[in-house]
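In my numbering, the protein residues as written are 2 to 224.
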């Protein structure tokens, strides 16, 4: 991912990106709502480095062999709540490899150490126990990862913040990022006017909309 796109993604929130998806006709693909950052101020954005967990850390190390700086390690542990699949040692390795964060559909452990490491880290919660043994490696373990309802690959970008994680198609960033920036800037202007005492209804001439809708029941409200 180019440095320009990275910098612009870092300045955008996941809600603005979700709204941008609607605006340009891209499916909104969010991770499950309980997949959250281990700290509220975390933000990351980068290309997906997918991996399907198989009960052993070697698969993460193998994924890092093909990763690029700034990528986000996206771990599919099938949303399991009976074990943690990533702890502090893998987080340290991911950070040393120059990746931008970790997103897990599953649980983590070593929370205190993860907070000290400071790498953006998103999961479904913490649990003390790790895997109890190795498992059969799933097919395509380094090609794609399931995140709730969605399958993501290296053709996707992951962005995470205090509202959760969203996945975007890499080849649509040239449309999505400007659209999200426009939405963000509009909302900033509206919020500034509200702080000065002008309501959102006044800014949007909402009374005129209501009168128009009385005349035309099909008249819609778009912002």
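We put the beta carbon where it would ideally sit given N, CA and C, even for glycine. For clarity, every value in this text was computed on a predicted model and none was experimentally measured.
Would you call the CB atoms of residue i and residue j closer than 9 Å?
i           : j           : result
residue 201 : residue 191 : yes
residue 84  : residue 139 : no
residue 60  : residue 123 : no
residue 76  : residue 54  : yes
residue 106 : residue 89  : no
residue 118 : residue 146 : no
residue 20  : residue 181 : yes
residue 1   : residue 31  : Outside the displayed span of the chain (2 to 224) sits residue 1, for which this structure offers no information.
residue 121 : residue 80  : no
residue 64  : residue 52  : yes
Which of the three DSSP states is assigned to residue i in this structure?
i           : result
residue 190 : helix
residue 204 : helix
residue 89  : helix
residue 116 : helix
residue 15  : helix
residue 103 : strand
residue 177 : helix
residue 74  : strand
residue 41  : coil
residue 32  : coil
I'd like the list of long-range same chain contacts for residue i, defined as Cβ closer than 6 Å, with 5 residues on each side in sequence excluded.
i           : result
residue 74  : 50, 95, 100, 103
residue 72  : 47, 48, 50, 100
residue 173 : 27
residue 148 : 32, 106
Taking the straight line between their C-alpha atoms, what separation do you get for residue i and residue j?
i           : j           : result
residue 129 : residue 170 : 34 Å
residue 205 : residue 62  : 53 Å
residue 183 : residue 10  : 13 Å
residue 220 : residue 199 : 25 Å
residue 209 : residue 197 : 22 Å
Please report whether the beta-carbon of residue i lies at a distance below 9 Å from any beta-carbon of chain C.
i           : result
residue 143 : The structure shown contains no chain C, having only a single protein chain.
Going by beta carbon distance, what residues of the same chain come within less than 8 Å of residue i, once the five residues before and after it are set aside?
i          : result
residue 25 : 173, 176, 177, 180
residue 23 : 29
Leaving out the 5 sequence neighbours to the left and right, which residues in its chain are closer than 7 Å to residue i when beta-carbon positions are compared?
i           : result
residue 136 : 55, 56
residue 37  : 123, 165
> Would you say the segment 156 to 166 touches the segment 4 to 21, given that touching needs at least three Cβ pairs under 8 Å?
Replying inline: yes
> If we count Cβ pairs, one from each stretch, closer than 8 Å, do we get three or more for the segment 112 to 120 versus the segment 55 to 70?
Replying inline: no
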